[in-house]
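One structure is given below, encoded as structure tokens.
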Amino acid sequence: MHEIETLPDNHDLRLPAWGPFTKQYMGISHISDQARGLRFDLSVMPGFYRRKMDIPSVLWESGYHPWEATADYSFYSHRHELEWKDRVYTDISFSRIADQCRLIRVSLVNQTEHPQNLVLHWMASLQPPRLLGHGDVQVCADAQLPEGAVWVDALDYSELNFARPRPSDGLVYDGFLKGEIRGQHFTGGAAIGCNFGADQGDLLRYEINLAEPLENGVFLLRYQTEKSGELELQIGHQTYRFDVETSNSLRVALLPIGMLAAGDFTLSLSACGSGPLVLDGFTLLEHNACEDVIFVDRPWHIEPELLEGPVLGSLILRYKDCPYHYGLSWNYPNVEIRQYKNDELDRYARHTVHNHVDAVLQGNGKGHFTDVFIRPIHVVPASSKILHGMVCSGTYEEVLASLTAFSLDYDKCEAIYKAERAKLIQPPSYATGGTYTFSQQLMRATLLTNTVFPVYTKRRYIRHSTPGRWWDSLYTWDSGFIALGFSDLDAGRAIDCLNAYMTEPGDRQAAFIHHGSPVPVQHYVFLELWNQGQSLTFLNHFYPRLRQYYLFLAGKISGSTTCILRSGLLKTWDYFYNSGGWDDYPPQKYVHAQKLEATVAPIVTTSQAIRIAKILKMAAAMSKNWQEDIREYEQDIERWSHALEKHAWDEEAGYYGYVVHSEQGEPEGPLRHSSGANYNMGMDGLYPLVAGICTKSRADRLVAALFDDKRLWTPIGLSTVDQSAPYYRADGYWNGAVWMPHQWFFWKTMLDLGYSDLAFRIAETALDLWKRETEATYNCYEHFIVQTGRGAGWHHFGGLSAPVINWFAAYYQLGKVSTGFNVWMLQQSFNESYTAYQAEFRYASRAEQTFNIVVNMAEGVHYEVEGTGCTVHWTINSCGGVEMCISDCMPQAAVRIRAC
Numbered sequence: 028m029h030e031i032e033t034l035p036d037n038h039d040l041r042l043p044a045w046g047p048f049t050k051q052y053m054g055i056s057h058i059s060d061q062a063r064g065l066r067f068d069l070s071v072m073p074g075f076y077r078r079k080m081d082i083p084s085v086l087w088e089s090g091y092h093p094w095e096a097t098a099d100y101s102f103y104s105h106r107h108e109l110e111w112k113d114r115v116y117t118d119i120s121f122s123r124i125a126d127q128c129r130l131i132r133v134s135l136v137n138q139t140e141h142p143q144n145l146v147l148h149w150m151a152s153l154q155p156p157r158l159l160g161h162g163d164v165q166v167c168a169d170a171q172l173p174e175g176a177v178w179v180d181a182l183d184y185s186e187l188n189f190a191r192p193r194p195s196d197g198l199v200y201d202g203f204l205k206g207e208i209r210g211q212h213f214t215g216g217a218a219i220g221c222n223f224g225a226d227q228g229d230l231l232r233y234e235i236n237l238a239e240p241l242e243n244g245v246f247l248l249r250y251q252t253e254k255s256g257e258l259e260l261q262i263g264h265q266t267y268r269f270d271v272e273t274s275n276s277l278r279v280a281l282l283p284i285g286m287l288a289a290g291d292f293t294l295s296l297s298a299c300g301s302g303p304l305v306l307d308g309f310t311l312l313e314h315n316a317c318e319d320v321i322f323v324d325r326p327w328h329i330e331p332e333l334l335e336g337p338v339l340g341s342l343i344l345r346y347k348d349c350p351y352h353y354g355l356s357w358n359y360p361n362v363e364i365r366q367y368k369n370d371e372l373d374r375y376a377r378h379t380v381h382n383h384v385d386a387v388l389q390g391n392g393k394g395h396f397t398d399v400f401i402r403p404i405h406v407v408p409a410s411s412k413i414l415h416g417m418v419c420s421g422t423y424e425e426v427l428a429s430l431t432a433f434s435l436d437y438d439k440c441e442a443i444y445k446a447e448r449a450k451l452i453q454p455p456s457y458a459t460g461g462t463y464t465f466s467q468q469l470m471r472a473t474l475l476t477n478t479v480f481p482v483y484t485k486r487r488y489i490r491h492s493t494p495g496r497w498w499d500s501l502y503t504w505d506s507g508f509i510a511l512g513f514s515d516l517d518a519g520r521a522i523d524c525l526n527a528y529m530t531e532p533g534d535r536q537a538a539f540i541h542h543g544s545p546v547p548v549q550h551y552v553f554l555e556l557w558n559q560g561q562s563l564t565f566l567n568h569f570y571p572r573l574r575q576y577y578l579f580l581a582g583k584i585s586g587s588t589t590c591i592l593r594s595g596l597l598k599t600w601d602y603f604y605n606s607g608g609w610d611d612y613p614p615q616k617y618v619h620a621q622k623l624e625a626t627v628a629p630i631v632t633t634s635q636a637i638r639i640a641k642i643l644k645m646a647a648a649m650s651k652n653w654q655e656d657i658r659e660y661e662q663d664i665e666r667w668s669h670a671l672e673k674h675a676w677d678e679e680a681g682y683y684g685y686v687v688h689s690e691q692g693e694p695e696g697p698l699r700h701s702s703g704a705n706y707n708m709g710m711d712g713l714y715p716l717v718a719g720i721c722t723k724s725r726a727d728r729l730v731a732a733l734f735d736d737k738r739l740w741t742p743i744g745l746s747t748v749d750q751s752a753p754y755y756r757a758d759g760y761w762n763g764a765v766w767m768p769h770q771w772f773f774w775k776t777m778l779d780l781g782y783s784d785l786a787f788r789i790a791e792t793a794l795d796l797w798k799r800e801t802e803a804t805y806n807c808y809e810h811f812i813v814q815t816g817r818g819a820g821w822h823h824f825g826g827l828s829a830p831v832i833n834w835f836a837a838y839y840q841l842g843k844v845s846t847g848f849n850v851w852m853l854q855q856s857f858n859e860s861y862t863a864y865q866a867e868f869r870y871a872s873r874a875e876q877t878f879n880i881v882v883n884m885a886e887g888v889h890y891e892v893e894g895t896g897c898t899v900h901w902t903i904n905s906c907g908g909v910e911m912c913i914s915d916c917m918p919q920a921a922v923r924i925r926a927c
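Residue numbers (the working numbering): 28 to 927.
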């Protein structure tokens, strides 16, 4: 499989330095300094001459739409609408010329009956990292020390123990270190906080190497606290106590320690419980050198020196302290170079659009944009005009050479553009899928280009595939669905996205990278990728990491508190408010409103744990080294299944209910609404179906509820909440809306149950819905309102909407094989013409259970299908694929399809 051996161990993505990584204005970005989180942005902003400047903000609907993209960013484009719909617009693309050079192509299109005077602004800026949530630019300090002194960052501890253990000790949010906070003016950008010091006995240990002995030594600590108190310092066997004083900003404390021999020793800081502290770091030095220690904020030099380029229509940007120079070239005669000294353009550029005089527009001084202002561009009615340019990076000499060597000859530029764009060719698909071509194109472009830099985790900055640029963060379950979408676009991108959330086996502070809802989608990505490729290298890399993830979710390692109820049911409220990703799901909201987190368990968490235990059990069977794990999975599955069936099933309601427990953790019964109705009439109440544990009679009732148009089924797909429930709403975020992710779980489950018609009903309804909305708005939305069927939420959403990629592939992409969760492929293959297919697989459910496998073979061919170790009935479905209905299946079986 795709280069598992080269997987990074730092959670980064294997992507080029140039790409759509911006967090501000759409365009192209370059990673200037990955260690410092520094990014260069170039945004191409169209507008009407002396009328309007259109800013392609990535933080709200601003008129641009991701249009096309290759997985490796050798080509991507977006359409920017100036007059809706497609009357006046620009198609802006970026194509690879060489590793450090990208072609810019802008097609300006006028489909009105009037001539248009258009403009382009090439806005170049250097963007430092910001604090989480699109916050302020982060400012770090330099510790300037006398010669020989060494600064120890507070995060460089060998051990941190909170006197009162916390649930998060083994699953620190966002891959931070235990106790880590990010903030302003810290020497490393981060410090120890998180209420360290609030409890007596909070402890930090450091392993120190002192190169030279101290005659009259001092321990110097940089800290901040809202309450004066004491700290205890231990160096070797010597113990000291010293005072810390109240301060609203970082300050230093000095503690004389006298003589200290050179060498290795352990240094410990122990809290006396006087109050929370923020610890930035410390040093050991001679008393007479203390006054030489100063802390100076490190400035970001974001205003470049503008250097004349080597050819007409070129410019070089030189930023102080940036490893790269940047070169720009263009091929239009009427250009003015301007500068905006402001940190945003959304308001400021619009406000100053009628300033036709100043070359330097002085705003708040907190940011800087170099503007290559190309104007006016005359486009006659019913015509278009194409302009080319180039952006490059490197040393001054390299940029000079690139600008000199590359000619913006029209034919040469068009040849590069066409060659790179030709890489967009998708796998062949059935003609019946042609109706979805455009809607799939937009989703591919959105999913592939939703990548940002920098995102901080594990003390480093990474590139990250985000559900949408509004989320300036990691997101665990969304990223699982991003990887599922990638699995049908590019295996390498899928593997990278999966790997980004894995941690090394034995990681004591992060069983996995956690942000948001702890729905373990990564395990399903693993199953999909395994079934596609059957790579043992892939298996050996990911199995131990996913097992660690599982063991934490199961409440077995690293202080996990998920399994503390005596019923055996799992809950993850200690880690996030959201159990299944459904923010306003009614019983979940009620649990939090009534502060019942300690005693009430949802259904989805235990159900998901059962299903991923089954997945890992299938994986473990592949190695003799993992045989002991199988018995553990079997015991877990049996225990949790019994708990759900015994404590959660509500016969009257026909749903599994949230389970209420006593303060001692004993189960007491289902959570009920004030009306007396089961409070879990919705997707959570159906999740044992996904787990595959229901009796046939219960499964039948749940399936009936799923497809009852008075309950879960709507004209646009599955509602999150039963429409007949007294707490159903039309105006909720999830309540009253249709989302894609949980529909994907139920779609796979229908294949497991042999309901191929119902599986297709879910997929086709979603694909039709997606087609209608994208064709109407060019947007890829989060969710859809049941009342109207219209899209809502974030408009450039990949993440949880990615299943529309999988559903298209499942029914229309040639060579795609789709199964439920119970099939583990041992080997499978097609011939080159897709007229023959054979597979050997293991089956992990009851022999009497009928299930489906869909195989997309070549059209227009007569086939014969045979099974070994199973009975196969088959048909050609309405899309063109071979749909097998398999029964009486042995634990290991095989199928073969061939032309006849």
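C-beta atoms are modelled at their ideal positions from N, C-alpha and C, and glycine is treated no differently.
(message) In the DSSP output, what is TYR483 paired with across the bridge?
(response) Note: TYR483 sits in a beta bridge opposite TYR488.
(message) From the DSSP secondary-structure annotation, give me the bridge partner or partners of TRP901.
(response) When DSSP reads this structure, TRP901 sits in a beta bridge with MET911.
(message) Tell me the residue span of the beta strand (DSSP E) that contains LEU248.
(response) Its beta strand (DSSP E) spans residues 241-252.
(request) With DSSP as the reference, label ASP291 as helix, strand or coil. (result) Strand at ASP291.
(request) Pull up the CB-CB distance for GLN227 and GLY300, whole angstroms please, since I reckon it's below 8 Å. (result) The Cβ separation is near 3 Å, so the contact holds.
(message) Here's the rule: buried if 16 or more other CB atoms are within 10 angstroms of the residue's CB, otherwise exposed. What is SER650?
(response) Its Cβ having fewer than 16 others within 10 Å, SER650 is exposed.
(request) Work out the CA separation of SER429 and TRP87 for me, nearest whole Å. (result) Cα to Cα, the separation comes out at about 36 Å.
(request) Give the single residue among TRP797, ARG756 and TYR457 whose Cα lies nearest to the Cα of GLN467. (result) Taking each of TRP797, ARG756 and TYR457 in turn and checking the Cα distance to GLN467, the smallest one comes out for TRP797.
(request) Just mark ARG268 as buried or exposed, buried being the case when its beta carbon has 16 or more other beta carbons within 10 Å. (result) Using a 10 angstroms sphere on the CB of ARG268, the tally of other CB atoms stays under 16, which defines it as exposed.
(message) Tell me which residue opens and which closes the beta strand (DSSP E) that GLU661 is part of.
(response) For GLU661, there is no enclosing beta strand (DSSP E); the residue is found in the alpha helix (DSSP H) stretching over 654-670.
(message) Once DSSP output is grouped into helix, strand and coil, what is the label at ILE443?
(response) It is helical.
(message) I need the straight-line Cα distance from VAL941 to ASN558, nearest angstrom please.
(response) As shown, the chain starts at 28 and ends at 927. That puts residue 941 outside it, with no answer to give.
(request) Express the C-alpha separation of ASP677 and TYR683 in angstroms, rounding to a whole number. (result) As the crow flies, the alpha-carbon of TYR683 is around 6 Å from that of ASP677.
(request) Look at the alpha carbon of VAL482 and the alpha carbon of VAL399, and state the distance between them as a whole number of angstroms. (result) The alpha-carbon atoms of VAL482 and VAL399 are separated by roughly 29 Å.
(request) Grab me the residues of GLU8's own chain with a C-beta within less than 8 Å of its C-beta, minus the 5 sequence neighbours each way, in chain order. (result) This structure gives no information on residue 8, because the portion of the chain shown stretches from 28 to 927.
(message) For a minimum of 3 consecutive residues, which ranges assigned as the beta strand (DSSP E) are wholly contained in the stretch 203-246?
(response) The stretch 203-246 contains these whole beta strand (DSSP E) runs: 207-209, 217-219 and 227-237.
(request) Could you tell me the boundaries of the alpha helix (DSSP H) in which ILE637 lies? (result) Segment 631-647, the alpha helix (DSSP H) holding ILE637.
(message) Taking the straight line between their C-alpha atoms, what separation do you get for CYS221 and GLU272?
(response) If I take the Cα positions, the gap works out to 19 Å.
(request) Please name the residue in GLY224, ALA225, PHE223 and ILE208 whose C-alpha comes closest to that of ALA217. (result) Just measuring C-alpha positions, the residue of GLY224, ALA225, PHE223 and ILE208 sitting nearest ALA217 is ILE208.
(message) Rounded to the nearest angstrom, what separates VAL631 and GLY390 at their Cα positions?
(response) VAL631 and GLY390: Cα-Cα distance of roughly 51 Å.
(request) Name the two residues that bound the continuous alpha helix (DSSP H) containing ARG377. (result) 375-378 is the span of the alpha helix (DSSP H), which, as asked, contains ARG377.
(message) Within the continuous beta strand (DSSP E) that includes HIS405, where are the two ends?
(response) In the DSSP annotation of this structure, the continuous segment of the beta strand (DSSP E) that includes HIS405 starts and ends at 396-406.
(request) Going by DSSP, name the residue or residues bridged to GLN154. (result) Residue pairing by DSSP places GLN154 opposite ARG66 in a beta bridge.
(message) Give me the residue from ASN236, CYS897, GLU886 and SER914 with the minimum Cα distance to THR459.
(response) For the options ASN236, CYS897, GLU886 and SER914, the alpha carbon positioned closest to that of THR459 is the one of GLU886.
(request) Mind listing, in chain order, the continuous beta strand (DSSP E) runs of no fewer than 3 residues lying wholly within the stretch 72-131? (result) As summarised for the stretch 72-131, the continuous beta strand (DSSP E) elements at least 3 residues long and confined to that stretch are 91-96, 102-110 and 115-125, given in chain order.
(request) Spell out a yes or no on whether the stretch 654-664 and the stretch 619-628 are touching, meaning 3 or more CB-CB pairs, one atom from each, closer than 8 Å. (result) No, the stretch 654-664 does not touch the stretch 619-628.
(request) State yes or no: is the C-beta of TYR582 within less than 7 Å of the C-beta of ASP196? (result) For the record, residue 582 in the displayed sequence is Gly; it is not Tyr. No; because the gap between Cβ atoms is not below 7 Å, this pair is not in contact.
(message) So, with DSSP's three-state summary, where would you put ASN137?
(response) Strand, per DSSP.
(message) Let's see if you can read the secondary structure: which residues bound the beta strand (DSSP E) around THR310?
(response) In the DSSP annotation of this structure, the continuous segment of the beta strand (DSSP E) that includes THR310 starts and ends at 304-313.
(request) Spatial neighbours of LEU435 within its chain, please: CB distance less than 8 Å, with the 5 preceding and 5 following residues excluded, ordered by chain position. (result) Same-chain partners within the cutoff: GLY340, SER356, TRP357, ASN358, HIS415, GLY416 and MET417.
(request) Would you kindly check if the distance between the Cβ of ILE219 and the Cβ of LEU296 is under 7 Å? (result) No.
(request) For SER410, collect the residues of the same chain with a Cβ closer than 7 Å to its Cβ; drop the 5 residues on either side in sequence, then sort them by chain order. (result) Cβ-Cβ distances below 7 Å link SER410 to ASN137 in the same chain, with the five nearest sequence neighbours on each side left out; the list follows chain order.
(message) By the three-class DSSP mapping on this structure, what secondary structure does ILE812 have?
(response) Reduced to three states, the DSSP call for ILE812 is strand.
(request) Can you check the stretch 572-631 for any alpha helix (DSSP H) of at least 4 residues that lies completely inside it and give the ranges in chain order? (result) Segments of the alpha helix (DSSP H) lying fully in the stretch 572-631: 613-620.
(message) Assuming contact is defined by CB atoms lying nearer than 7 Å, are GLY826 and ASP505 in contact in what I supplied?
(response) The answer is yes: Cβ separation under 7 Å.
(request) Identify every residue that forms a DSSP beta bridge with VAL882. (result) Answer is VAL844 and VAL909, bridged to VAL882.
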